[in-house]
Every structure is written in structure tokens, then in C-alpha cells.
Amino acid sequence: MSAYNVAPGLVDLSTPPPAAPGSQQHHEHADGLAAASHDSAVQIQQHEALQDQQHSQQQEDYLTASLKQQIQDVNTFFQAEIAPRSLSISEDVNSLQYEAEQLATRAATEKAEVLGELDRLHKLVASFQAQIREALMAE
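Okay, so the sequence shown: first residue is 1426 according to this note's numbering, each after it adds one.
Shown next as C-alpha cells:
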């Protein structure tokens, strides 16, 4: 069925129309249009790829800036809140360590004094026992 044998108002596109005079120019023009259309499609794809790359770069820049800001916020918080507390705690720990060392030294001194006193008392008891034995033996 050709375009000439179709019911009125309908066009048969299953077969190409008969070649018209100058159809070679028509094909060259159609080939040029197809090439231009292809080039245009390639340019659109390249433009979209460039836009995607720019969008990705913008997202990366935003995330980098966001992360930098968060790190700066953490550092600021640390310097304002944690560092002073840490210094205070460190000073308290040092003070407690000094006090503990002083107490340990004092305890060691007192222990030595008590052991010395016990040794003196032990010798005194031994002396009294010896004197009592001598007194009992002398009677």
C-alpha cells in the first residue's frame, strides 16, 4: 500500500514516497540535518556531564566546608569547655598525688616509729623477765 492508495485523510508511512526530482539534494540535506542533530545531542550530553561534574564539585565543596565548620566547632568547644576542665582535673590529680605521697611518707615514718617502740618494749619485757628469773633463783 503506498501513500497514493490510502483512504482519504490517512497517510501510509510503511513505504517511502516515490523519489522526487532532486532527491539527491534532499538526502544530502537530511544527512546534514542528522549530523547536526547528532552533534547537538553530543553537545547536550557534554553539557549535562559538565553540569553533573560542577554539581558534584559543589556538593563536595559544601560537604568539605560543612566538615571544616564542624571540626572548628568541636575544636572551639574543646578549647572553651574541655581544656579548662582537663587542666583543672589535672591540677586536682597532681595535688591528690602529692597528698598521697605525703601520707605514704608520714605512714612509713610512723610505722618505723611504732616498730622501734615495739622493739624497745620487747627488750624491756625481756629485761624484766630476766630480772624476775634472777630474783626467783636468788631466793
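A virtual CB, placed ideally from N, CA and C, is assigned to each residue, including glycine.
Practice prompt. Return the first residue and the last residue of the alpha helix (DSSP H) that Q1556 is part of.
Written response: Start and end: 1508-1563.
Discussion item. Taking the straight line between their C-alpha atoms, what separation do you get for H1472 and S1481?
Written reply: Computed Cα separation, rounded: 14 Å.
Worksheet entry | C-alpha gap between Q1504 and L1543, whole angstroms | Rounded to whole angstroms, the gap between the alpha carbons of Q1504 and L1543 is 56 Å.
Discussion item. Could you tell me the alpha carbon to alpha carbon distance between R1510 and A1532, rounded to whole angstroms?
Written reply: Between R1510 and A1532, the alpha-carbon positions lie close to 32 Å from each other.
Worksheet item: Using the C-alpha atoms, what's the distance from E1506 back to A1466?
Response: The alpha-carbon atoms of A1466 and E1506 are separated by roughly 58 Å.
Worksheet item: Could you give the distance in angstroms between the alpha-carbon of V1518 and the alpha-carbon of Q1527?
Response: Cα to Cα, V1518 sits roughly 14 Å from Q1527.
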